[in-house]
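Undergrad: Please see the structure below; I have some questions.
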């Protein structure tokens, strides 16, 4: 599983970071960044949740 | 010992939850009240009106991040229980797919790019207000700082010039239950009519010649050929006036009160400006402007080990969750400008996360930076802090303090 954050959509709410800090991080100005190439199996459920609960629908899973 | 009764649902009534009936608290000490709620259990039933109260961080997060099981369409405040809406009164009352559509259409207006363009003007507005405050003698920071800053920012979002700021303030007051203007029915109606006419005019103008501002974005954003209708846009701007105003105002005033009550924490900011960002988060946690919002279970489920039946509402007490020792540890009751991690829920969480969060954070940071720039070394309370009785908004109505520079 791979995951990306659309920079134009991200609102800096930090929901993904709150749900899965192992995969998501926040940049210095408070917006989400993905810090792994491949999502480890144990975090895939949290990443799916982050994608559905992202307030700005900025997260895409491929 | 309190009396125990149960209702048709078979759940045991918890009298403490009666504070969430109506719109006013009758407790003097909110913090102690929330601690008592959390100690009683993960989920407490109110038999009077039939709703659950979730006072702990874990259950608030579980509800907030599962919008399929816990919907918003059946009301977000307890006085809405049983209400049927032909169309959702606000975006906060929508569920997917309606919510997905609204959010997609309005989010770009609050995205990183637009908020960045506001950075300089918000900081300028905060600086101008702070620079006019008297130093080294008592001043209530609510009227000259906490009230006007959010109003000026909203006026900017709407593209209204300085001479209209008083109008924006009056429209906002007329939209918020509990204000003096709201209580005056004739005046409220007149202001509402004036506001809607002005908003419709702004919408029409932005449709024809959109600027690169929030209203221009809202008027022109299209997703798959779809865009907001004029009515939706005006409704949304109206919501902006309410949601962006009182919450930010109380976060600013409540934050300054917290910094006055904890002079060691202000001293840390004076010594290290890099703490401003985490101080903003701690102020958000500490003040929690929106005390609660409600969801309704769409199916039989379970929360904190307690069965919840389809149709039962659940009150997420953000203000209590933000003081939960289980999440924030033994220092949950201390105001710590360097707190990390700080997974507060002052903006809610999940799909309905506050749309204006980035803007709110910017406004609070701008106030702190402006006070530091002015050389304020210490904030000292100079009289009793006024707090509103609302059980929805944690309002600070008076915050008299001395801004020391020596």
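Protein chains in written order, with my numbering: chain A, 1 to 62; chain B, 63 to 468.
Glycine residues also receive a C-beta, built at the ideal position from the N, C-alpha and C atoms.
Source: prediction; values computed, not measured.
1. When the Cα of residue 296 of chain B is compared with those of B/258, B/104, B/401, which residue comes out closest?
2. CA-CA distance, residue 51 of chain A and residue 127 of chain B?
3. Could you name the residues of the region 286–301 of chain B whose beta carbon sits closer than 7 Å to any beta carbon of chain A, in the order they occur along the chain?
4. To which residues does DSSP link residue 452 of chain B through a beta bridge?
5. Residues in its own chain within less than 7 Å of residue 98 of chain B by CB, not counting five upstream and five downstream?
6. Mind checking residue 181 of chain B: buried by the 16 CB within 10 Å criterion, or exposed?
7. So residue 10 of chain A contacts chain B; which residues on that side make the cut at Cβ distance below 7 Å?
8. In chain order, what residues of the region 104–132 of chain B put their CB closer than 9 Å to some CB of chain A?
9. Does residue 228 of chain B come out as helix, strand or coil in the three-state DSSP assignment?
10. Determine, using beta carbons only, whether residue 4 of chain A and residue 173 of chain B come nearer to each other than 9 Å.
11. Beta-carbon of residue 43 of chain A versus every beta-carbon of chain B: anything under 9 Å?
12. With a threshold of 8 Å on Cβ separation, who are the neighbours of residue 169 of chain B within its own chain once the five nearest residues in sequence on each side are excluded?
13. Going by DSSP, what residues sit across from residue 375 of chain B in a beta bridge?
14. Would you mind telling me which residues of chain B sit closer than 9 Å to residue 25 of chain A, beta carbon to beta carbon, in chain order?
15. Counting only Cβ pairs nearer than 7 Å, list the residues of chain C close to residue 400 of chain B.
16. Tell me the DSSP secondary structure of residue 317 of chain B in three-state form.
17. Is the distance from the Cβ of residue 452 of chain B to the Cβ of residue 314 of chain B below 9 Å?
18. Based on Cα-Cα distance, which residue from B/251, B/319, B/260, B/236 lies nearest to residue 203 of chain B?
19. Considering Cα atoms alone, identify which of B/161, B/103, B/155 is closest to residue 74 of chain B.
20. If we define contact as Cβ-Cβ less than 9 Å, is residue 413 of chain B a contact residue for chain A?
21. Note down, in chain order, every chain A residue with its Cβ under 9 Å from the Cβ of residue 305 of chain B.
22. Does the contact criterion of 3 or more C-beta pairs under 8 Å hold for the region 207–221 of chain B versus the region 267–282 of chain B?
23. Just to confirm, are residue 77 of chain A and residue 26 of chain A a CB contact at a threshold of 9 Å?
24. When the cut-off is 9 Å and only beta carbons count, does residue 337 of chain B lie next to chain A?
25. Going straight from the alpha carbon of residue 302 of chain B to that of residue 339 of chain B, what length do you get?
26. Between residue 169 of chain B and chain A, is the shortest Cβ-Cβ distance under 9 Å, so that the two count as touching?
27. CB-CB under 7 Å to residue 124 of chain B, same chain, minus the five flanking residues each way: which ones, in chain order?
28. Hey, residue 441 of chain B and residue 321 of chain B are a contact pair by Cβ (cut 8 Å); roughly how many whole angstroms apart?
29. Which residues in chain B have a C-beta closer than 7 Å to the C-beta of residue 15 of chain A? List them in chain order.
30. Mapping the DSSP letters down to three states, classify residue 364 of chain B as helix, strand or coil.
31. Would you mind reading off the limits of the beta strand (DSSP E) that contains residue 25 of chain A?
32. Give me the chain B residues within the contact set of residue 7 of chain A, using Cβ-Cβ distance strictly less than 8 Å, ordered along the chain.
33. Please list, in chain order, the residues of the region 419–430 of chain B that have any C-beta partner in chain A closer than 8 Å.
34. Excluding sequence positions up to five away, which residues of its chain have a Cβ less than 7 Å from the Cβ of residue 138 of chain B?
35. Alpha carbon to alpha carbon, what distance is there between residue 161 of chain B and residue 199 of chain B?
36. How about the region 104–111 of chain B and the region 80–96 of chain B: do they share at least three Cβ pairs that are nearer than 8 Å?
TA: Reading it off the structure:
1. Position 234 of the second chain, counted from the start, is the residue given in the question as residue 296 of chain B. Ranking the options by Cα distance to residue 296 of chain B, first place goes to B/258.
2. For this step, residue 51 of chain A is matched to residue 51 along the first chain. For this step, residue 127 of chain B is matched to residue 65 along the second chain. When rounded, the distance between both Cα atoms is 11 Å.
3. none
4. Position 390 of the second chain, counted from the start, is the residue given in the question as residue 452 of chain B. According to DSSP, residue 452 of chain B bridges with B/86.
5. One-based indexing of the second chain puts residue 98 of chain B at position 36. Only 78 meet the Cβ criterion.
6. Within the second chain, the letter at position 119 stands for residue 181 of chain B. The residue in question, residue 181 of chain B, is exposed, as its Cβ has fewer than 16 Cβ neighbours within 10 Å.
7. Position 10 of the first chain, counted from the first residue, corresponds to residue 10 of chain A. What residue 10 of chain A touches in chain B: 174.
8. 123, 126, 127, 128, 129, 130
9. Counting from one through the second chain, the residue named residue 228 of chain B turns up at place 166. Here residue 228 of chain B sits in helix by DSSP.
10. Taking the first residue of the first chain as 1, we reach residue 4 of chain A at position 4. Taking the first residue of the second chain as 1, we reach residue 173 of chain B at position 111. No; because the gap between Cβ atoms is not below 9 Å, this pair is not in contact.
11. Here the question's residue 43 of chain A lines up with position 43 in the first chain. It does not; no Cβ of chain B falls within 9 Å.
12. Here residue 169 of chain B is taken as the residue at index 107 of the second chain, counted from 1. Here the set comprises 417.
13. On the second chain, position 313 is the one that residue 375 of chain B refers to. DSSP lists B/358 as partners of residue 375 of chain B.
14. By one-based count along the first chain, residue 25 of chain A stands at place 25. Residues of chain B passing the Cβ test: none, with the nearest at roughly 12 Å.
15. Going by chain labels, chain C is absent from the structure shown, which instead holds the protein chains A and B.
16. Position 255 of the second chain, counted from the first residue, corresponds to residue 317 of chain B. Helix.
17. Residue mapping note: residue 452 of chain B aligns to position 390 of the second chain, counting from 1. Residue mapping note: residue 314 of chain B aligns to position 252 of the second chain, counting from 1. No. Outside cutoff.
18. Mapped onto the second chain, residue 203 of chain B falls at position 141. Cα-wise, what sits closest to residue 203 of chain B is B/319.
19. If you number the second chain from 1, residue 74 of chain B lands on position 12. Among B/161, B/103, B/155, the Cα nearest to that of residue 74 of chain B belongs to B/103.
20. The count along the second chain starts at 1 and reaches residue 413 of chain B at position 351. Closer than 9 Å: yes.
21. Your numbering for residue 305 of chain B matches position 243 in the second chain. Within chain A, no residue comes near residue 305 of chain B; the closest Cβ sits about 14 Å away, beyond 9 Å.
22. yes
23. Residue 77 of chain A lies beyond the stretch modelled for chain A, which goes from 1 to 62, so this question has no answer here.
24. As a working note, residue 337 of chain B is residue 275 in the second chain. No, because no Cβ of chain A sits closer than 9 Å to the Cβ of residue 337 of chain B.
25. In the second chain, residue 302 of chain B corresponds to position 240, counting from 1. In the second chain, residue 339 of chain B corresponds to position 277, counting from 1. Near 24 Å, if we compare the C-alpha coordinates of residue 339 of chain B and residue 302 of chain B.
26. As a working note, residue 169 of chain B is residue 107 in the second chain. Residue 169 of chain B counts as touching chain A.
27. For this step, residue 124 of chain B is matched to residue 62 along the second chain. Contacts found: 365.
28. Translated into the one-based positions of the second chain, residue 441 of chain B becomes position 379. Translated into the one-based positions of the second chain, residue 321 of chain B becomes position 259. Between residue 321 of chain B and residue 441 of chain B the Cβ distance is about 5 Å, and since that is below 8 Å, they are a contact.
29. Here residue 15 of chain A is taken as the residue at index 15 of the first chain, counted from 1. Near residue 15 of chain A (Cβ distances below 7 Å), the residues of chain B are 411, 412, 415.
30. The residue labelled residue 364 of chain B in the question sits at position 302 within the second chain. Correct three-state label for residue 364 of chain B: strand.
31. For the purposes of this step, residue 25 of chain A is taken as the residue at position 25 of the first chain. Looking at the DSSP string, the run of the beta strand (DSSP E) that includes residue 25 of chain A is 24–26.
32. Position 7 of the first chain holds residue 7 of chain A. Within chain B, the residues near residue 7 of chain A are 174.
33. 419, 420, 423
34. Locating residue 138 of chain B in the second chain gives position 76, where the first residue counts as 1. Within the same chain, residue 138 of chain B has close Cβ partners 154, 155, 355, 356.
35. Your numbering for residue 199 of chain B matches position 137 in the second chain. Your numbering for residue 161 of chain B matches position 99 in the second chain. Going from the Cα of residue 199 of chain B to the Cα of residue 161 of chain B covers about 49 Å.
36. yes
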